[in-house]
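Asker: Below are the structure tokens for one structure; questions will follow.
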Amino acid sequence: MHRFFYGNRILFLVTLLLVLPVFLTVYMMHIIKNSELSLLEHQKAKLNQAAYLLDQNLTVSLDDYLVNNGLEGKSRQEKIIALGNFVNEKINSVKREYPEVHIGLYYAPLHVFFDGTSRFDENFSLRRKKAFEDTMAHRKSMVQNLGPEEGGIIEIYRPFTRNGKVEGVIRSAEYLSEVGYYGKRRHIEMIAYSAIAVVVLTGFGGAIYIFRDLVMQVRFIRQGLKTLEEDLTKTMPEAHGELGEIVEGINGFARRIAELNLYTETMLAVIDEAIVVVNAGGKVVLANNLARELFALPEGIKGPMINELFPKNSPLIDYLQRTLKEEKAFRDLMLNWNNGQKNSRQLLLSILPLKTASGQLLGAVINCRDLTERMRLEEKVRRQERLAALGKLVTGVAHEIRNPLTSISCYIQHWLQNNQPNAQALATIQREIARLDYIVEQLLYFTKPAEARLVQRDLNVLIRELTEFFREMHHGKYNLLLDLSTDLPPVWMDAEQMERVVVNIIFNAIQAMPEGGTISITTAYLPDRHQVAMTIADTGCGIPKENLAHLFDPFYSTRPKGTGLGLAIAYEIVQAHGGQIEVESEVGKGTRFTVYLRA
0 MHRFFYGNRI LFLVTLLLVL PVFLTVYMMH IIKNSELSLL EHQKAKLNQA
50 AYLLDQNLTV SLDDYLVNNG LEGKSRQEKI IALGNFVNEK INSVKREYPE
100 VHIGLYYAPL HVFFDGTSRF DENFSLRRKK AFEDTMAHRK SMVQNLGPEE
150 GGIIEIYRPF TRNGKVEGVI RSAEYLSEVG YYGKRRHIEM IAYSAIAVVV
200 LTGFGGAIYI FRDLVMQVRF IRQGLKTLEE DLTKTMPEAH GELGEIVEGI
250 NGFARRIAEL NLYTETMLAV IDEAIVVVNA GGKVVLANNL ARELFALPEG
300 IKGPMINELF PKNSPLIDYL QRTLKEEKAF RDLMLNWNNG QKNSRQLLLS
350 ILPLKTASGQ LLGAVINCRD LTERMRLEEK VRRQERLAAL GKLVTGVAHE
400 IRNPLTSISC YIQHWLQNNQ PNAQALATIQ REIARLDYIV EQLLYFTKPA
450 EARLVQRDLN VLIRELTEFF REMHHGKYNL LLDLSTDLPP VWMDAEQMER
500 VVVNIIFNAI QAMPEGGTIS ITTAYLPDRH QVAMTIADTG CGIPKENLAH
550 LFDPFYSTRP KGTGLGLAIA YEIVQAHGGQ IEVESEVGKG TRFTVYLRA
């Protein structure tokens, strides 16, 4: 019975309610029709027998009867009376044998109908007259069946033939209502309708039972779904039929969701990032252990609003509200977070909208990475690097200053011996002192660069001004080519410091081409990075790959007269601008510097 599904039950009821009543109706109508035909045939046979018996009782021709009884010259009325007495006697004898049959004889020459009574006037209707005439004309029997609206009569018209002449018509008839025909027919119809009613009522009763059972099963499933909403580890009890398959499918689906939730919770537990998921209304849906620990959230936080868990003035709440309202993503935001503990935490915050495949907003995902320890280690590394750079710096300064001091010392000793300085010695001393001043200036700028005052400026204008200056200084020796973008947006920069960057890179290119060459400067806007790129390329000797890693180190130089501070200063300035500087070089072909600045 458990495998007798609701679909089969409903199909059975549909068959019972629709097909079976139709079939029974057709079948009963067929039975009624056959019964009616059977009754009619029975009545016809009886009427034919009565007509035949009257025909046999009238052994003589009525025409001969009038002649033989000397009535030929009598009046019509006298003939009718005489024939009536003779014929009515025969008719009454037949009636005694067939009391339910109405029988009579129509005699055409006198146009009279004898029916066993004393009425000899015209006692028949036009319809019967027409039936008499048709029977005599066709010389064969005729049957007429009149419905209830005309009394329910069945009539047999039999030609009365004597000596080859049709003298009249024998009519035998029976009223069906008198013989109980319609009562029998109604009885059969009542049986048919009762059977149909029983089937229909049975079907409706079964339908009510099945639908009531179906409603109870649906309520049972609905209650089970509410239980699963609270705890996916529970299962719904088994049901039968299609609903049993639905319950089985729901239980399987719940098990798979529970497994996925377990996998998700396990993965979130081992991820070294704090993750909080909220729905479109700002209600917390999910938070991993690290988020609870980092934000000091209570256990079982699923359900409350996010603004109930964080301070109202927290920038995190502001970013989240903008994400939910504008569907805007925020990535890699530095956030100084203090959850009430003694030390604040440095967080890298990202808030992303959570959408369906069709683009409908479901909520947002808050992703936080604690960079406090990492930043502490990086600061420690930077301090060690600064100490190492300081040691290298001291060594470089000592080396750079020692050479001019040696020259000055030698000339002073020479003056002490000769008691007179010459002009060449004084010029050399002045040049070396200027060199010392330049080294000290570069060293001071490198160790303590001026604070960058960033304003939006046109980088192309700055490049054009500087290239005009270099063209005047090195007229004819170096070919300066400019390919500056016409749709370049303004750049956030300190013009004085950025001028130093461009000068240092061009000066480095000039040093790489002592015999002259080409310097190309191009600018372009990178919309995907929202940056402006400035490229300075030369056709000099190039830099070996092993030297590229040290190119921006202070006092690193491959040239005898180089201080090694120009590119180091350029690197520090670009970093202070929030940009990047990259270098590509190929020995014998040249070097290309690319500076990326924020637009």
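Under numbering that gives the first Met the number 0, the first residue of the sequence shown carries the number 0, and numbering increases by one thereafter. We treat Cβ as the ideally placed atom computed from N, Cα and C, and that holds for glycine. Remember, it's a predicted structure, so these values are computed and weren't measured experimentally.
#1: Excluding sequence positions up to five away, which residues of its chain have a Cβ less than 6 Å from the Cβ of Asn56?
#2: What does Leu481 pair with, by DSSP beta-bridge criteria?
#3: Output the residue ranges of the alpha helix (DSSP H) runs that lie fully inside the region 104-171 and measure 4 residues or longer, sorted by chain position.
#4: Starting from the Cα of Leu480, find the closest Cα among Arg254, Ile535, Ala494 and Leu550 and give me that residue.
#5: Using a threshold of 7 Å, state whether the C-beta atoms of Ala567 and Phe592 are closer than that.
#6: Looking only at C-alpha atoms, which of Gly83, Ser349, Glu585 and Gly115 sits nearest to Ser611?
#7: How far does the alpha helix (DSSP H) with Asn84 in it extend, from its first residue to its last?
#8: How far does the alpha helix (DSSP H) with Asn507 in it reach, from first residue to last?
#9: Using the rule of at least 16 other Cβ atoms within 10 Å of the residue's Cβ for burial, across every protein chain shown, is Glu585 buried or exposed?
#10: Can you tell me whether Ser343 is buried or exposed, with buried defined as 16 or more other CB within 10 angstroms of its CB?
#11: Starting from Gly565, follow the alpha helix (DSSP H) in both directions and report where the run begins and ends.
#12: Starting from Glu585, follow its DSSP beta bridges and name the residues at the other end.
#13: Roughly how many whole angstroms lie between the Cα atoms of Glu149 and Ser117?
#14: Which residue marks the beginning of the beta strand (DSSP E) containing Met304, and which one marks its end?
#15: Would you call the region 317-330 and the region 285-304 in contact, with 3 or more CB pairs under 8 Å?
#16: Quick check on DSSP: helix, strand or coil for Glu173?
#17: Cα separation between Ile152 and Leu53?
#18: With distances taken Cα to Cα, identify the nearest neighbour of Val276 among Met266, Asn287 and Ile270.
#19: Cutting at 6 Å between CB atoms, please list the residues of its own chain near Ser140, excluding the five before and the five after it.
#20: Could you check what DSSP says for Pro314 in three-state terms: helix, strand or coil?
#21: Assuming Gly362 and Ala279 are in contact, meaning their beta carbons sit under 8 Å apart, how far apart are those beta carbons, in whole angstroms?
#22: Report the residue ranges of all alpha helix (DSSP H) runs contained in full by the region 238-289; include only those spanning at least 4 residues, in chain order.
#23: Report back the beta-carbon spacing between Gly281 and Met304 to the nearest angstrom; my notes put them in contact at under 8 Å.
#24: Using C-beta distances below 8 Å, list every residue in its chain close to Gly578, excluding the 5 sequence neighbours before and after it, in chain order.
Answerer: Walking through what the data contain:
#1: Around Asn56: Lys89.
#2: Ile520
#3: 125-137
#4: Ile535
#5: no
#6: Residue 611 falls outside the range modelled here, since the chain spans only 0 to 598, and no answer is possible.
#7: Arg75 to Glu96
#8: Residues Ala494 to Ala511.
#9: Answer is exposed; the Cβ neighbour count stays below 16.
#10: For Ser343, the number of other beta carbons within 10 angstroms of its own is below 16, and it is reported as exposed.
#11: Gly565 to Ala575
#12: Gly589
#13: Note that Glu149 scores a pLDDT of 48, beneath 50, so its modelled location is shaky; the value from the coordinates is reported in the next line. When only Cα atoms are considered, Glu149 and Ser117 end up about 25 Å apart.
#14: Where Met304 is concerned, there is no enclosing beta strand (DSSP E), given that its DSSP letter is neither H nor E.
#15: No: fewer than three Cβ pairs fall under 8 Å.
#16: strand
#17: Going from the Cα of Ile152 to the Cα of Leu53 covers about 20 Å.
#18: If we check each option's Cα against that of Val276, Asn287 comes out closest.
#19: Its chain contains Arg157 as the residues whose beta carbon lies nearer than 6 Å to that of Ser140, once the 5 sequence neighbours on both sides are disregarded; these appear in chain order.
#20: Three-state result, Pro314: helix.
#21: That pair is a contact at about 5 Å.
#22: 240-269
#23: Going by Cβ atoms, the distance from Gly281 to Met304 rounds to 5 Å, so yes, they are a contact pair.
#24: Gln530, Val594, Tyr595, Leu596 and Arg597
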